[in-house]
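In the working numbering, the protein residues as written are 77 to 202.
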């Protein structure tokens, strides 16, 4: 005999998958990180810190194509004035230069936290 499905629980599982918590701690150290990255740099200075690029890399893999990500950032910056918007071509160039495995396995419960030292992706139990 087939087990009866708990539809409320089943539906809630999919609703929870849509939750998005955005921790923007990297904004606090934006200028400091940029100054460190641009110190001694030859050529055009970076406008966006590496931790911001890590944040965008996650958004790109999990949610948005590049042009839509630029639109998302524009809207987000209306609510967070300190957030600077990168255009999609800048995002593309910077993301191609990132050297780390972003997401090996997207599980059901995934937590991504980005602070000034960098990004950490964990399963819910960690």
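Just so you know, even glycine gets a beta-carbon here, dropped at the ideal spot from N, CA and C. If you're wondering where the values come from, they're calculated on a predicted model, not measured in any experiment.
Item: C-alpha distance - residue 124 paired with residue 109, whole-angstrom precision; Value: 9 angstroms
Item: Element boundaries [alpha helix (DSSP H), containing residue 120]; Value: From DSSP, residue 120 is part of no alpha helix (DSSP H); its letter is neither H nor E.
Item: Burial state of residue 128 (16 or more Cβ within 10 Å); Value: buried
Item: Buried or exposed by the 16-neighbour rule on C-beta atoms within 10 Å, applied to residue 198; Value: Unreliable positioning characterises residue 198 in this predicted model, as indicated by a pLDDT of 49, which lies under 50. A coordinate reading is not provided.
Item: Distance CB(residue 167)-CB(residue 100) smaller than 8 angstroms; Value: no
Item: Cβ neighbour criterion (16 or more within 10 Å) applied to residue 92; Value: exposed
Item: Span of the alpha helix (DSSP H), counted from its first residue to its last, around residue 167; Value: 164 to 173
Item: Residue 144: first and last residue of the uninterrupted alpha helix (DSSP H) it sits in; Value: 142 to 155
Item: Residue 138, buried or exposed, once every other Cβ within 10 Å from all chains shown has been counted against 16; Value: exposed
Item: Complete alpha helix (DSSP H) runs within the segment 86 to 115 (minimum length 4 residues, chain order); Value: 106 to 114
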